[in-house]
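Under numbering that gives the first Met the number 0, the first residue of the sequence shown is numbered 0, with each subsequent residue one higher.
A virtual CB, placed ideally from N, CA and C, is assigned to each residue, including glycine.
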Amino acid sequence: MSSERSAVVAVVGRPNVGKSTLINRVIGRREAVVQSQPGVTRDRRIFPANWGDRPFLLVDTGGWEVDPSSPFSNEIRLQAEAAVNGADAVLFVVDGTAALGDDDEGMAAVVKKSGIPVVVAANKIDNPHREMTVSDYWTLGLGEPHPVSAIHGRGVGDLLDKVVSVLPRHEAPTQDEPPRIAIVGRPNTGKSTLLNRLCGSQRVIVSDVPGTTRDPVDVDVKLEGVTYRLVDTAGIRRRPKINEDADYYSVLRARDALSRSDAALLVVDSLEGATYQDQKIANAAVEAGTALVVLLNKWDAIDPEQREITERSVPARLNFVSWAPVLRMSALTGARVGRLGAAVEMVLENANQRVSTGELNRLVAAWVAAQPPPPHKGRRCRIMYAVQVGIRPPTIVLFTVGAKLAPEYIRFLERKLREQFDLVGTPVRFVTRRRTRESR
Numbered sequence: 000m001s002s003e004r005s006a007v008v009a010v011v012g013r014p015n016v017g018k019s020t021l022i023n024r025v026i027g028r029r030e031a032v033v034q035s036q037p038g039v040t041r042d043r044r045i046f047p048a049n050w051g052d053r054p055f056l057l058v059d060t061g062g063w064e065v066d067p068s069s070p071f072s073n074e075i076r077l078q079a080e081a082a083v084n085g086a087d088a089v090l091f092v093v094d095g096t097a098a099l100g101d102d103d104e105g106m107a108a109v110v111k112k113s114g115i116p117v118v119v120a121a122n123k124i125d126n127p128h129r130e131m132t133v134s135d136y137w138t139l140g141l142g143e144p145h146p147v148s149a150i151h152g153r154g155v156g157d158l159l160d161k162v163v164s165v166l167p168r169h170e171a172p173t174q175d176e177p178p179r180i181a182i183v184g185r186p187n188t189g190k191s192t193l194l195n196r197l198c199g200s201q202r203v204i205v206s207d208v209p210g211t212t213r214d215p216v217d218v219d220v221k222l223e224g225v226t227y228r229l230v231d232t233a234g235i236r237r238r239p240k241i242n243e244d245a246d247y248y249s250v251l252r253a254r255d256a257l258s259r260s261d262a263a264l265l266v267v268d269s270l271e272g273a274t275y276q277d278q279k280i281a282n283a284a285v286e287a288g289t290a291l292v293v294l295l296n297k298w299d300a301i302d303p304e305q306r307e308i309t310e311r312s313v314p315a316r317l318n319f320v321s322w323a324p325v326l327r328m329s330a331l332t333g334a335r336v337g338r339l340g341a342a343v344e345m346v347l348e349n350a351n352q353r354v355s356t357g358e359l360n361r362l363v364a365a366w367v368a369a370q371p372p373p374p375h376k377g378r379r380c381r382i383m384y385a386v387q388v389g390i391r392p393p394t395i396v397l398f399t400v401g402a403k404l405a406p407e408y409i410r411f412l413e414r415k416l417r418e419q420f421d422l423v424g425t426p427v428r429f430v431t432r433r434r435t436r437e438s439r
């Protein structure tokens, strides 16, 4: 089994060219929102994908538009630029049936400036007679436009062959490359204070003004004798003449940091509790497959009678990452910060957990025998085989026959797997490969 990290592919293009439809075709299920109205996708979403036994992550972005009067156009452009700058390759989707436009050229300029490998997909080419219409897109200077039909699947296999061929290999960290730990959270929760505490110096400007940190700050520190590379959340410069929201940009920066990290420290302000933005950042960690530790910072500043309420409310709001350990601490005073090293070491060890195919199938068979999958429309699903195909996070493929495996049953299997191997602090992914009995 490979120990490499998944490469990141940013899917970009102007509105309504079929980016989300193409992603759904690649991942084999309807996850990305598809609608005929342009601009439906505004937030970046991350989807695990696999082609030719090569895992990678697809980042869905909003539709790029030059017109600044379009709703959310500035935010969407920032999203797309951030996705490109954090990616290993770019899948540039264009409408092969339409003429080359200003939006296509604007996005192409951003992609070329990044220097990242790019593959052009000329979508909506549902028959060979339309392939001649894609010739205009050679003028973008991004190489050969590959004619595809995301709806019908035509040409998608050849397209993915090309995408995989340009992806770099991300090997497991060596002694020269310590594990990367992202410090993420809303503005003014104490991320930079924590970084300064851990490295023992004033490496980052600390201020009461939210969003003080602007540029990426990476620093190597030792925790419990182990060297880690800490990444303070930053990296997207704010632009003038844009209505900005600090929490919105904190999520953007967190996603960028998470996409290139092995584990994350989610810093929550104990005085405010877990907010909607904290939930979004935690969910971004799940989507990125990043190990996670939740830190309740400023614990020393909470009234004693409020502490019990906070200890209940934060896990309740972050219940979808109930597997993540929660540490109470104060970055300002250093109280309980010493416990961080053991927590990070534990979640990274669990994220790298491997289960042999034989043991995994014995366990799955026992769980299924004790509690079979529920029937769907009178038909049952049979799990024929299970295999672990990746780590960071542990990723399991289930080969099934018959009815579709219900999401609640996949959650049941995840709970059993976590109980069996005590997988604290790491997401776990299950992927199903189904065939109907008729196709056997």
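Item	Value
The beta strand (DSSP E) enclosing N296, as first and last residue numbers	A290 to N296
Cβ contact check for the stretch 334–346 and the stretch 370–387: 3 or more pairs under 8 Å	no
Whole-angstrom distance between V155 and T394, CA atom to CA atom	24 Å
Identity of the residue in V346, D101, L56 and A97 nearest V89 by Cα	L56
8 Å Cβ cutoff met for V117 and G142	yes
Stretch pair the stretch 44–55 + the stretch 13–26: three plus CB contacts closer than 8 Å	yes
Cβ neighbours of A385 in the same chain (closer than 8 Å, five flanking residues each side left out)	T356, L359, N360, V363, I395, V396, L397 and F398
Three-state secondary structure assigned by DSSP to Q305	helix
Exposed unless 16 or more other CB atoms sit within 10 angstroms - verdict on F319	exposed
Cβ distance (whole Å) where V147 is taken to contact A120 below 8 Å	5 Å
Whole-Å CB distance - G12 paired with V92, under 8 Å assumed	4 Å
Limits of the unbroken beta strand (DSSP E) element including D59	R53 to D59
CA nearest to the CA of S269, picked from P426, A402 and D302	D302
Burial state of W322 (16 or more Cβ within 10 Å)	buried
Cβ-Cβ separation, L166 to H145 (assumed contact under 8 Å), whole Å	Actually they are not in contact, since the Cβ atoms of H145 and L166 sit about 16 Å apart, beyond 8 Å.
Those runs of the alpha helix (DSSP H) which lie wholly inside the stretch 121–171 and span at least 4 residues	155–165
Burial state of P441, where buried means 16 or more other Cβ atoms lie within 10 Å	Residue 441 lies beyond the stretch modelled for the chain, which goes from 0 to 439, so this question has no answer here.
Endpoints, the alpha helix (DSSP H) within which T399 is located	Looking at the DSSP string, T399 is not in any alpha helix (DSSP H); the run it does join, the beta strand (DSSP E), is T394 to G401.
Supposed close pair L193, A330 - CB separation, criterion 8 Å	4 Å
Beta-carbon spacing of A284, A315 below 8 Å	no
Integer Cβ distance of V267 from D277, believed to fall under 8 Å	6 Å
Residues sharing a beta bridge with R410, DSSP	Answer by DSSP bridge pairing: none, since R410 is not bridged.
C-alpha gap between Q370 and A405, whole angstroms	13 Å
Cβ neighbours of E437 in the same chain (closer than 6 Å, five flanking residues each side left out)	Residue confidence for E437 is low, a pLDDT of 46 falling below 50, so the modelled location carries little weight; the figure read from the coordinates is stated next. So the list is empty, once near-sequence residues are dropped.
7 Å Cβ shell around V163 - same chain, five flanking residues per side excluded	W50, G51 and R53
Unbroken beta strand (DSSP E) run spanning L265, endpoints	A262 to D268
Neighbour-count burial assignment, Y275, 16 or more Cβ in a 10 Å radius	exposed
Classification of S312 by the beta-carbon crowding that lies within 10 angstroms, buried from 16 upward	exposed
Heavy atom of the ligand GTP within 7 Å of F429 beta-carbon	Although the ligand GTP was asked about, the structure shown includes no ligands whatsoever.
Inter-residue CB distance, V440 and Q387 (contact presumed, cutoff 8 Å)	Residue 440 lies beyond the stretch modelled for the chain, which goes from 0 to 439, so this question has no answer here.
Nearest-angstrom Cβ-Cβ length linking G100 and N122, presumed shorter than 8 Å	No, G100 and N122 are not in contact; Cβ-Cβ is about 14 Å, not under 8 Å.
Three-state class that DSSP yields for V367 in the structure shown	helix
Cβ pair L265, L291 closer than 8 Å	yes
Bounding residues of the alpha helix (DSSP H) (the contiguous stretch that carries R196)	K190 to C198
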